[in-house]
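Some notes on the structure that comes next.
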Amino acid sequence: MKQGFNNLLERYIADQLTPEELEAFLEMARQAEYAAAIQAQIGRLLESDQLEDLSEGMDIDRQFRLMLQKAQEEKKVSPSIVSLLLRRWWAAAAILLLAAGGLFYMLKTHREPVPVVVQAKDIMPGNEGAVLTLADGRKIVLDTLTNGFISAQNGSAVILDEGKLSYKSTGNAGESVSYNTMSTPRGRQFQLMLPDGTRVWLNAESSIHYPTSFTGDERRVIVTGEAYFEVAREAKQPFFVQIGTDAEVKVLGTHFNVNTYQDDGAIRTTLLEGAVSVSLLKQPTNATVRLQPGQQAWFSDISPEAIKTAETDTEKVMAWRNGFFNFDGASIRVIMKQLERWYDISVVYDKDAPNTEFFGEMSRNVNLAELIATLEQMGVRLKMEPGRKLRVLR
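Anchor point for the sequence shown: position 180 equals 180 in UniProt numbering, and the numbering is continuous, going up by one each time.
As structure tokens, then:
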């Protein structure tokens, strides 16, 4: 039996498991009798060049994610499984097995698991929901409504259907332009189809301000927080995403993500498909860059005079849209910002609390207690306090 497990372990590391074999491997990995085999294999990996070899010619992140997705579709693996994936620059990392859940994870700083301090109260994950502010100032809480017609807004009928809001042109737009605003509080996300057919996914604690019908020679919306766009192509009417008073993104038809969270330290635009230009509105020089698919542009309050660009991992950027937290290279403080928005909690830190760096991915559909239990097994000491407050202990 142990020989069979060793074979599965080696094939797991080589990215050769079928979904059925993955299920069997994870089930066996939960059993204490295989701990020695896992530890021995980890030791061999860390002392060899295999970690470097694994990354050559392989997109391991993508391959393992696809494997997990296939297994989940067949109900073979729980969607809360964390896939923490081998990369050459993790060669010095400590690889541990979370035996209780059969999950691999890695820490860039070596730490032994510590006992759970306090289990979090069962706070549910975020879900679909938003507040729609109409042109006359009325506010509608969308997640309290059933499907159907919501309102008539200058030139458009507003319709709610299965957690998505859409605007259907009625051809009766007046000369004046009317605007609506969709906003998502913490713990909510929502989908929107604009009057031109552009699709928008709004992350938690975000907003989009837009006209109820697009007239004139451009289409313009204003975004705060984070949003993913699939813009309907209209060559004669370019699409602009304005980021407050700081910058704008100009497109003709494309897929891209905009992150404008003020506490993230930078405003980022990531292009997945098509082409966009990003412009700073207040800078006379170095004010515009053009992105190619797979590139990200960013600027910050610290250095607002120019836009920087670089190749980026688009799957990491799109993790929220695809239902995951992606923790690759993220510090505990970056992770906690994501949890604050999605679980509607506040996070406080003890003096000298560690700022450990993590690698991995976890479903956004798990309760907070499950996610915290995983982080605690990684060496972080956490304590849930009254008032939806989570404390990071030193």
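Each residue gets a CB set at the ideal place from its N, CA and C atoms; glycine is no exception. Bear in mind the structure is a predicted one, so any value in this text is a computation, not a measurement.
query                                                                                                                        : result
For Arg199, the first and last residue of its enclosing beta strand (DSSP E)                                                 : Arg199 to Leu202
Close-in-space but distant-in-sequence residues of the same chain around Pro195 (CB under 6 Å, 5 per side omitted)           : Ser156, Tyr167, Ser169, Ser213 and Phe214
Chain-order list of residues whose beta-carbon lies under 6 Å from that of Gln191 (same chain, five-residue window excluded) : Lys164 and Trp201
Proximity to Gly197 [Cα-Cα], best of Arg381, Thr133 and Val231                                                               : Val231
Inter-residue Cα distance where the pair is Ile243 and Tyr210                                                                : 13 Å
Candidates Asp161, Arg199 and Ala152, of which the one nearest Ser178 by Cα                                                  : Ala152
Element boundaries [alpha helix (DSSP H), containing Met318]                                                                 : That residue, Met318, is in no alpha helix (DSSP H); it is neither H nor E in DSSP.
Per DSSP, cross-strand counterpart(s) of Glu273                                                                              : His255
Buried or exposed (CB count within 10 angstroms, at least 16 for buried), Arg341                                             : buried
Whether Leu132 touches Asn180 by CB criterion (9 Å)                                                                          : yes
Presumed contact (8 Å Cβ cut-off) between Met384 and Thr374, rounded CB distance                                             : Their Cβ separation, rounded to whole angstroms, is 14 Å, which puts Met384 and Thr374 out of contact at 8 Å.
Nearest neighbour of Leu291, chosen from Lys282, Val278, Ser300 and Phe299 [CA to CA]                                        : Val278
For Arg186, the first and last residue of its enclosing beta strand (DSSP E)                                                 : Neither: Arg186 is in no beta strand (DSSP E) and is coded neither H nor E.
Neighbourhood of Glu218 by C-beta distance below 8 Å, restricted to the same chain and skipping five residues each side      : Gln237, Pro238, Phe239 and Phe240
For Arg138, the residue or residues it bridges with in DSSP                                                                  : None, per the DSSP bridge assignment.
DSSP three-state assignment for Asn180, whether helix, strand or coil                                                        : strand
Run of the alpha helix (DSSP H) containing Glu218, from where it starts to where it stops                                    : Element bounds for Glu218: n/a, residue is neither H nor E.
Same chain, Cβ closer than 6 Å to Ala92, five either side skipped, listed in chain order                                     : Low confidence applies to Ala92: its pLDDT is 29, below 50, so where it sits in the model is not reliable enough to give any reading.
At least 3 beta-carbon pairs within less than 8 Å: the region 258-265 vs the region 220-228                                  : yes
Residues near Lys389 in its chain [Cβ-Cβ closer than 8 Å; skip 5 each side]                                                  : Ile345, Ser346, Val347 and Val348
CB-CB length for Gln296 against Arg268, believed under 8 Å                                                                   : 6 Å
CB-CB length for Asn147 against Glu162, believed under 8 Å                                                                   : 7 Å
In DSSP terms, what Asp208 is bridged to                                                                                     : For the record, residue 208 in the displayed sequence is Ile; it is not Asp. Beta-bridge pairing links Ile208 to Met182 and Val223.
Residues near Lys316 in its chain [Cβ-Cβ closer than 7 Å; skip 5 each side]                                                  : Asn326 and Asp328
Same chain only: Cβ atoms within 6 Å of Ala287, ignoring 5 sequence neighbours per side                                      : Ser279 and Leu280
Ser176, buried or exposed, once every other Cβ within 10 Å from all chains shown has been counted against 16                 : exposed
Identity of the residue in Asn367, Gln377 and Ser331 nearest Phe358 by Cα                                                    : Ser331
Closest residue to Asp246 among Lys282, Ser207, Lys139 and Gly323 (Cα-Cα distance)                                           : Lys282
Reference Met318; option with closest CA among Glu273, Arg333 and Lys308                                                     : Glu273
Backbone CA spacing between Trp298 and Thr184 [nearest angstrom]                                                             : 23 Å
Contact belief for Asn367 with Met124 at Cβ below 8 Å, rounded distance in angstroms                                         : 6 Å
Element boundaries [alpha helix (DSSP H), containing Leu371]                                                                 : Leu368 to Gln377
Bounding residues of the alpha helix (DSSP H) (the contiguous stretch that carries Leu281)                                   : Note, Leu281: premise wrong, no alpha helix (DSSP H); not H, not E.
For residue 422, the residue or residues it bridges with in DSSP                                                             : Only positions 1 to 394 of the chain appear in this structure, which leaves residue 422 out of reach.
Neighbourhood of Thr270 by C-beta, 7 Å cutoff - its chain only, sequence neighbours within 5 removed                         : Phe256, Asn257, Gln296, Thr312, Thr314 and Val317
Closest residue to Asp136 among Ala130, Leu142, Asp143 and Asn154 (Cα-Cα distance)                                           : Asn154
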